[in-house]
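Undergrad: So the sequence shown is residues 189 to 286, counted in this note's numbering.
Idealized CB from N, CA, C, for every residue including glycine.
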Amino acid sequence: MPNRYFESRDIQREGVRAACAAIDHALLQLPVTEALELRARWAELVAVLALEPARVLRECPVCKHVAMFEASRCFHCWAKLPIARADDALSRSSDGPA
């Protein structure tokens with residue numbers, strides 16, 4: 189069973205990350221002479237947002253709730269989680285949870 193707290197927070201952050209990436213791309217298309225001030229202000233805003241990288245999550249093998257990749261215990265059932273491996277990570281699609 190998914191953890192709605194992690195999912196909703198990550199979906200919101202992914203939306204902000206996608207919007208920032210789209211604006212970055214659009215700014216790169218502008219001529220340098222016309223966009224210097226705009227790029228500087230955009231860099232300030234991105235720094236204030238301080239978006240950390242997307243969280244890597246994995247599923248608890250006992251209760252199937254979503255847990256942080258680095259967690260040693262499940263947030264929901266407190267089961268001891270095995271040491272995380274790269275293939276334990278849940279893939280996060282841009283479509284959000286199913």
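1. Determine the closest residue to LYS252 out of LYS268, ASP212, GLU222, ALA238, with distance taken between C-alpha atoms.
2. Quick one: what does DSSP say GLU225 is sitting in, helix, strand or coil?
3. What is the rounded straight-line gap between the Cα of GLU247 and the Cα of GLY203?
4. Cα-Cα, which of VAL236, MET256, CYS265 is closest to ALA274?
5. Tell me the DSSP bridge mates of VAL254?
6. Considering only residues of the same chain and omitting the five flanking positions on each side of CYS208, which have a CB-CB separation below 8 Å?
7. With DSSP as the reference, label VAL204 as helix, strand or coil.
TA: Straight from the coordinates:
1. It is LYS268.
2. For GLU225, the secondary structure class from DSSP, reduced to helix, strand or coil, is helix.
3. So the alpha carbons of these two residues sit roughly 22 Å apart.
4. MET256
5. Within the DSSP bridge table, the entry for VAL254 names GLU247 as partners.
6. VAL234, LEU237, LEU239
7. helix
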